[in-house]
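One structure below.
Written out as structure tokens, the structure reads:
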């Protein structure tokens, strides 16, 4: 019997940052598959819910990785987005982009809500 697809509570996404030429980085160690879920490092393959490539924009990452969580929070559910990784890999850059789009989304939602709606 075939298993039914189900929605998971935890999603893992990866954002690969471009090389920093000023820092002397000149060798790409990661190969990205076109399926946007798989990366290869040397001979090892890793699969995630979503992989963002070297040229991904802040709005792409927000829209595809965090917006749904914010939508659920606006409906009264809990949600968490966190960045994890080695120093210098772009966590602060990515988190800043997610936060700015998140705040714009939340305040836009509040502005569109009627005057009879209360927010905590």
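Residue numbers (UniProt numbering): 1 to 120. Even for Gly, the Cβ is constructed at its ideal location relative to N, Cα and C.
Asked                                                                                                         : Found
Run of the alpha helix (DSSP H) containing residue 60, from where it starts to where it stops                 : 58-61
Proximal residues to residue 53 (C-beta, below 7 Å), its chain only, five neighbours per side dropped         : 16 and 32
Distance between residue 92 and residue 75 (C-alpha atoms, nearest Å)                                         : 27 Å
Cβ pair residue 81, residue 104 closer than 7 Å                                                               : no
Local conformation of residue 13 per DSSP, three classes                                                      : strand
Residue 51, DSSP secondary structure in three states                                                          : strand
Cβ-Cβ distance between residue 14 and residue 48 below 7 Å                                                    : yes
Residues near residue 39 in its chain [Cβ-Cβ closer than 6 Å; skip 5 each side]                               : 30, 32, 46 and 51
Simplified DSSP state of residue 38, which is helix, strand or coil                                           : strand
Beta-carbon proximity of residue 111 to residue 95, cut-off 7 Å                                               : no
For residue 100, the nearest candidate out of 86, 55, 61 and 42 (CA to CA)                                    : 61
Classification of residue 59 by the beta-carbon crowding that lies within 10 angstroms, buried from 16 upward : exposed
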